[in-house]
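Counting with full-length UniProt numbering, you get residues 10 to 251 for the letters of the sequence shown.
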Amino acid sequence: SVEVVIVPDAVAGGELIAEAIVTLVRRKPDALLGVATGSTPLPIYQALAAKVRAGAVDASRARICQLDEYVGLPTGHPESYRSVVLREVVEPLGLGAESFMGPDGAAEDVPAACAAYDRALREAGGVDLQLLGIGTDGHIGFNEPCSSLASRTRIKTLTQQTREDNARFFDSLDEVPHHVITQGIGTILEARHLVLLATGEGKADAVAHAVEGPVAALVPASALQLHPHATVVVDEAAAAKL
Ligand code: GLP
10 SVEVVIVPDA VAGGELIAEA IVTLVRRKPD ALLGVATGST PLPIYQALAA KVRAGAVDAS
70 RARICQLDEY VGLPTGHPES YRSVVLREVV EPLGLGAESF MGPDGAAEDV PAACAAYDRA
130 LREAGGVDLQ LLGIGTDGHI GFNEPCSSLA SRTRIKTLTQ QTREDNARFF DSLDEVPHHV
190 ITQGIGTILE ARHLVLLATG EGKADAVAHA VEGPVAALVP ASALQLHPHA TVVVDEAAAA
250 KL
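If you want it as structure tokens, here you go:
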């Protein structure tokens, strides 16, 4: 079953998860850390970078990998998830681009890029700790409702809801890509530890369905219930419907 930890607010959630990452990296200096984008995990990255700067842990051998990516944004677009992860995680931790792996959203052959990334994650030894957010519709990564619980990294089409949710990062809704590459749910479940952070009342329904509802493709985050080591960290607002 999923371990649920309720924290007072987003900053406390970020602090708690950053501490778990520090513990992992002390034990395994070259740990592969899977990172999520969106607004929710930013307090984790800020807390972690502060700990690394303060010398709490030597993270110089840690490796970072991406959960998902937009398809078709030009290389170097500031809102490509590659750019976001480099800016919000890799650089603040003092790591170089060589410590980082992600799917190629600008590839000509997208299915081949998906298969290559899925394979690369395994060849890298697998993800030690995968951070996740949750969409208002219960998606993880970009696995929208009705994604197969056994799915591998592949191309998906975003729902209108998710494009609207993510439009705030672009100048207009028109600029939000329609297609994405995402680690599949089966791929995500191979990580050794899953840690999902959800904050704010807008996530309360999705969290309740994911944690207490049936395991169902309609709620991709409910797949965490299938994992032997899944932790859901929620603030009071996101826990309101548990
Ligand atoms: C996007 C990302 C997800 C993220 C979700 C929620 O869809 N692909 O990984 O969990 O947004 O984002 P936020 O945390 O900003 O609500």
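Note that CB positions come from ideal geometry on N, CA and C, so glycine has one too.
- Task: Would you list the one or two residues that DSSP bridges to F109?
- Result: As a first step, residue 109 must be located in the sequence shown, where it is residue number 100. Answer by DSSP bridge pairing, in chain order: I73.
- Only counting runs of 4 or more residues, tell me where the alpha helix (DSSP H) segments fall wholly within the region 151 to 228, in order along the chain. Uninterrupted alpha helix (DSSP H) stretches at least 4 residues long and entirely within the region 151 to 228 occur at 169 to 175, 194 to 197, 213 to 221, given in chain order.
- Query: So what's A65 in DSSP terms, helix, strand or just coil?
  - Reply: Numbered from its first residue, the sequence shown carries residue 65 at position 56. Residue state for A65 is assigned as coil, using DSSP reduced to three classes.
- Message: Helix, strand or coil, according to DSSP, for G22 in the structure here?
- Response: Reading the sequence shown from its first residue, position 13 is the one you call residue 22. In the displayed model, G22 falls within a helix according to three-state DSSP.
- Message: Taking the alpha carbon of A159 as the reference point, which residue from I26, E173, I197, V136 has its own alpha carbon closest?
- Response: Residue numbering aside, residue 159 sits at position 150 when the sequence shown is read from its first letter. Out of I26, E173, I197, V136, I197 has the C-alpha closest to the C-alpha of A159.
- Task: Please state whether DSSP places V94 in a helix, a strand or coil.
- Result: As a position in the sequence shown, residue 94 is number 85, starting the count at 1. When secondary structure is reduced to three states using DSSP, V94 falls in the helix class.
- Task: Check the DSSP bridge columns for Y79 and list the partner residues they point to.
- Result: Taking the sequence shown and counting its residues from 1, the one referred to as residue 79 is at position 70. DSSP lists V189 as partners of Y79.
- Query: When we look at the beta-carbon of S10 and count the other beta-carbons within 10 Å, is it buried (16 or more) or exposed?
  - Reply: Looking up residue 10 in the sequence shown gives position 1. S10 is exposed by the Cβ-count criterion.
- Message: Rounded to the nearest angstrom, what separates Y90 and L51 at their Cα positions?
- Response: The residue given as residue 90 occupies position 81 in the sequence shown. The residue given as residue 51 occupies position 42 in the sequence shown. For the pair Y90 and L51, the Cα-to-Cα distance works out to about 13 Å.
- Query: Does the distance from the CB of G22 to the CB of T208 come in under 8 Å?
  - Reply: On the sequence shown, residue 22 is found 13 positions in, with the first residue counted as 1. On the sequence shown, residue 208 is found 199 positions in, with the first residue counted as 1. For the pair G22 and T208, the CB atoms are nearer than the 8 Å cut-off.
- Query: Hey, would you say the C-beta of S48 is under 7 Å away from at least one heavy atom of ligand 1?
  - Reply: Here the question's residue 48 lines up with position 39 in the sequence shown. Yes, ligand 1 has a heavy atom inside 7 Å of this Cβ.
- Note down, in chain order, each residue of its chain lying with its Cβ closer than 6 Å to the Cβ of T168, except the 5 sequence neighbours on either side. Working through the sequence shown from its first residue, we reach residue 168 at position 159. Apart from sequence neighbours up to five positions away, the residues of its chain that approach T168 with a beta-carbon distance below 6 Å are E153, ordered along the chain.
- Query: Quick one: any contact between the region 110 to 127 and the region 135 to 151, if contact means 3 or more CB pairs under 8 Å?
  - Reply: By the Cβ test, the region 110 to 127 is not in contact with the region 135 to 151, since fewer than three Cβ pairs between them sit closer than 8 Å.
- Item | Exposure of V224, with buried meaning 16 or more beta-carbon neighbours within 10 Å | Walking along the sequence shown from the start, residue 224 turns up at place 215. Exposed, by the Cβ-count rule.
- According to the neighbour-count rule (16 or more other Cβ atoms, all chains shown, within 10 Å of its Cβ), is R36 buried or exposed? Counting from 1 along the sequence shown, the entry for residue 36 is found at position 27. It counts as exposed.
- Query: Can you tell me the Cα-Cα spacing of A226 and C155, whole angstroms?
  - Reply: One-based indexing of the sequence shown puts residue 226 at position 217. One-based indexing of the sequence shown puts residue 155 at position 146. Straight-line measurement puts the Cα of C155 at about 5 Å from the Cα of A226.
- Task: Quickly, what does DSSP pair A121 with across the bridge? List them, please.
- Result: Counting from 1 along the sequence shown, the entry for residue 121 is found at position 112. Answer by DSSP bridge pairing: none, since A121 is not bridged.
- Message: Here's the rule I'm using: 16 or more other beta-carbon atoms within 10 Å means buried, otherwise exposed. How should R72 be labelled?
- Response: On the sequence shown, residue 72 is found 63 positions in, with the first residue counted as 1. Its Cβ being crowded by 16 or more others within 10 Å, R72 is buried.
- Query: Assuming V216 and A248 make a contact with CB atoms under 8 Å, what is their CB distance in whole Å?
  - Reply: Residue 216 sits at position 207 when you count from the first residue of the sequence shown. Residue 248 sits at position 239 when you count from the first residue of the sequence shown. Yes, V216 and A248 are in contact; Cβ-Cβ is about 7 Å, under 8 Å.
- Query: Going by DSSP, what residues sit across from L233 in a beta bridge?
  - Reply: Working through the sequence shown from its first residue, we reach residue 233 at position 224. Note: L233 sits in no beta bridge, so no partner.
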